[in-house]
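Right, one structure below, let's go through it.
Chains as they are written, first to last, in my numbering: chain H, 6 to 413; chain U, 6 to 413.
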């Protein structure tokens, strides 16, 4: 396979944009990526667009790529629509990489986009179950309603308006966090520290949805979602888009002196009785492709849908040994300035999580970091980065996980 | 890029299956494809699933591949969801081909599936506009309603229950047919002949949704949809699934002595001011990849959403000169036994058109034809085949077109 570099990337600030369409958000991200790559709209030879739920959100069931790209004057090239729930745009990224690495095209455009803030609150609530098996979802919702009635007044909102709606995923994340506490002695304080770190990092990122800094006390004072999760330890919903331009090695010099190379690209799904968990499987593939190990990673963006998830991901990605995730945050190793800074962008917690835009937004952060363009949150000397993006759940197993390894 | 062969393929009979789920349909097609390839569920290393509208149809907005494949015991492998309206599964086919051709995986499973018969008739009607820009769709629907009121009693149903609902695409197809008549002198009789041929072919195909034979008189006696289209000249809606197993050249001998090779794979979208129409562009790419021309094609499956579309496609694919499509059908060249048989399966008209299943179902027909396994509808000595699959419409331009070239 050919070597592939990212030569341009861009994103919207994530946020609540009730008056902006998907077309409008995608246009801003794509324009920024093209400008960053110093190319015009006619240069990409193929476009891959990741989006999770525009059918549900805005009624655009099909040909989302064509609808948004044609609107901005990108025409005539092959367009591929892809989806993998919250991992939709890292899936788009792998396909873009594959089109270029295989030799089929020299220049590919990868886009991720999502609208999750909706005027229709019933639809917005339905978004929370989009990433799971709908047959099972109906059963879960029935169960949740019964439980909520039983504990009336206790359950509060997350990923939505307080007390009104919340993601079914939050209960699953909370259970995972409690299991980690029971097994390894990880503490709620450690989970809170991750949230403090990521909100601090978000305060340094002009593209972050939330830019407030919070103390540990403020985080535990935010509404309880499900023990040990408080609201400020959970990713918000949001709208946004991100885009990247991928180019074959022999054409890189035309566009930039600062390429960021894709050294590993992996997607995994579900469980496999023969191998470890989904994230470990994706990471193993990506590390092997890149010919490196976790000890070589200088900076990482991971799928902190909740702050405990980030600690568990430290371990699954091999950034520390199993059970040592709590210690890693205690030591400050994953802060900017630490040994292996994680979620310098603010992560999903503070930068935001517009589902289908998240994967390429993670890439955008590393594009800046590896080029030394991350401003106040720059990781000094970063040469190798890793992104991890997860999505969906089917029969209690993560539906998709994607790991990419990038280097200069 | 590496050589890639199809070593197994399968499909459900297309039809109206009010009591069968997507999971159930996909399972039948995948089981058939795996059995055809003589492999078990653990052999594929990656799966790509094409589906246009399960979010709208059955509320499965995300991770459709994981939901249907996990249910049947396929687990742990990367799963990619893709969509390109009616060309969704030919897009899945290209991605499966790319994963294998690039060297990333040796064995890929490609699946197409769709449910379009729905108990909820409002949803079923909404399916007809799923493949276009929803903002524009709203305007079109308003316009259509006004026109229908004006011509009350004349407009009748197609792609749905008579007189109740119809696809907005049918007006566009009718206009295209009238333009071809005006420009080249093509006649309604010629369009009718295509329908006679395809319904005849469908009568020979056990997987076809409709297996009735019709005379030209019977076809023009069927309800008028929009001049010159009568109901039996338009594809019905339907439910179904199709699947194929793709393998790298060095592993083919493990599975079969009768591989069908993918020699060309192309996707195009929209218009491009620098090049001809979308189908011509996709065909040109596919022919160049295969190193052949249209004169080398022995059998073809094309996207006859209406019978005039088939005549226009003869020309766009280079099977005859521009304006000569009518003569080609008059000469019987595209009948079984003719020079270049087209839609031996019955095509979309008779085999049916469960949107996201159609692309791989076209492939399935050629898999049989090129292996000499097509029974009563076998094209003698067929060695090279072509599939053409179109999808969606954005700003009056086809959103996607895919051409694959296959050979033994």
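Don't be surprised by glycine CBs; every beta carbon is placed ideally from N, CA and C.
What you are looking at is a predicted structure, and each value in this text was computed from that prediction instead of being measured.
For residue i, the residue or residues it bridges with in DSSP
i, result
"residue 392 of chain U", "U:306, U:409"
"residue 84 of chain H", "H:52"
"residue 91 of chain U", "U:89"
"residue 347 of chain U", "U:305"
"residue 9 of chain H", "H:253, H:267"
"residue 116 of chain U", "U:54, U:248"
"residue 399 of chain U", "U:402"
"residue 229 of chain H", "H:235"
"residue 137 of chain H", "H:398"
"residue 15 of chain H", "H:248"
"residue 96 of chain U", "Answer is none; residue 96 of chain U lacks a bridge partner."
"residue 311 of chain U", "U:239"
"residue 380 of chain U", "The partner list for residue 380 of chain U (beta bridge, DSSP) is empty, contrary to what the question assumes."
Nearest neighbour of residue i, chosen from the options [CA to CA]
i, options, result
"residue 345 of chain U", "U:308, U:385, U:327, U:354", "U:385"
"residue 48 of chain H", "H:331, H:256, H:273", "H:256"
"residue 58 of chain H", "H:68, H:285, H:380, H:82", "H:68"
"residue 125 of chain H", "H:175, H:23, H:28, H:247", "H:23"
"residue 380 of chain H", "H:119, H:209, H:81, H:6", "H:209"
"residue 54 of chain U", "U:8, U:220, U:361", "U:361"
"residue 212 of chain U", "U:403, U:366, U:393, U:13", "U:366"
"residue 334 of chain U", "U:350, U:315, U:351", "U:315"
"residue 223 of chain U", "U:214, U:231, U:204", "U:204"
"residue 66 of chain H", "H:88, H:176, H:10, H:95", "H:88"
"residue 416 of chain H", "H:351, H:329, H:251", "The structure shown does not extend to residue 416 of chain H, since chain H is modelled only from 6 to 413, so the question has no answer here."
"residue 63 of chain U", "H:123, H:105, H:140", "H:140"
"residue 134 of chain U", "H:60, H:134, H:340", "H:60"
"residue 330 of chain U", "U:194, U:246, U:296, U:349", "U:194"
"residue 97 of chain H", "U:86, U:207, U:70", "U:86"
"residue 376 of chain H", "H:412, H:347, H:328, H:397", "H:412"
"residue 266 of chain U", "U:105, U:343, U:247", "U:105"
"residue 349 of chain U", "U:359, U:311, U:338, U:306", "U:306"
"residue 26 of chain U", "U:293, U:246, U:288", "U:246"
"residue 269 of chain H", "H:99, H:188, H:311, H:276", "H:99"
"residue 393 of chain U", "U:80, U:183, U:326, U:308", "U:308"
"residue 340 of chain U", "U:121, U:262, U:207", "U:207"
"residue 7 of chain U", "U:137, U:17, U:244, U:253", "U:253"
"residue 271 of chain H", "H:71, H:92, H:136", "H:92"
"residue 338 of chain H", "H:313, H:287, H:319", "H:319"
"residue 398 of chain U", "H:73, H:21, H:44, H:11", "H:73"
7 Å Cβ shell around residue i - same chain, five flanking residues per side excluded
i, result
"residue 225 of chain H", "197, 235"
"residue 231 of chain H", "175, 176, 179"
"residue 83 of chain U", "51"
Nonlocal neighbours in the same chain, by C-beta distance under 8 Å from residue i, ignoring five residues either side
i, result
"residue 157 of chain H", "Interpretation of residue 157 of chain H is limited by its pLDDT of 48, a score under 50 that renders its predicted location unreliable; the figure taken from the coordinates is listed afterwards. Closer than 8 Å at Cβ, skipping near neighbours: no residue."
"residue 422 of chain U", "Residue 422 of chain U is absent from the model: chain U starts at 6 and stops at 413."
"residue 159 of chain H", "Low per-residue confidence applies at residue 159 of chain H: pLDDT is 36, beneath 50, and the placement is therefore not dependable enough to give any value."
Same chain only: Cβ atoms within 6 Å of residue i, ignoring 5 sequence neighbours per side
i, result
"residue 221 of chain H", "197, 201"
"residue 285 of chain H", "321"
"residue 383 of chain U", "none"
"residue 283 of chain H", "273, 403, 406"
"residue 13 of chain U", "38, 41, 42, 250"
"residue 110 of chain H", "50, 51, 104"
"residue 101 of chain U", "53, 113, 115, 251"
"residue 328 of chain U", "189"
"residue 191 of chain H", "185, 331"
"residue 137 of chain U", "398"
"residue 71 of chain H", "84"
Check: residue i C-beta below 7 Å from any heavy atom of the ligand ZN
i, result
"residue 70 of chain U", "This structure lacks the ligand ZN, and indeed carries no ligand of any kind."
Practice prompt. Would you list, in sequence order, the uninterrupted alpha helix (DSSP H) runs of no fewer than 4 residues that lie entirely inside the segment 252-309 of chain H?
Written response: 257-260, 283-295
Worksheet entry | Three-pair Cβ contact test at 8 Å for the segment 230-246 of chain H versus the segment 27-46 of chain U | no
Worksheet item: Is the segment 369-376 of chain H close to the segment 387-395 of chain H, with three or more CB pairs under 8 Å?
Response: They touch, by the three-pair rule.
Discussion item. To test your reading of the DSSP string, which unbroken beta strand (DSSP E) runs of 3 or more residues are found completely within the segment 22-52 of chain U?
Written reply: none
Discussion item. Under 8 Å: do the segment 110-119 of chain U and the segment 293-311 of chain U share three or more Cβ pairs, one atom per stretch?
Written reply: no
Worksheet item: Whole alpha helix (DSSP H) runs in the segment 200-228 of chain H with 4 or more residues, listed along the chain?
Response: You should have 221-226.
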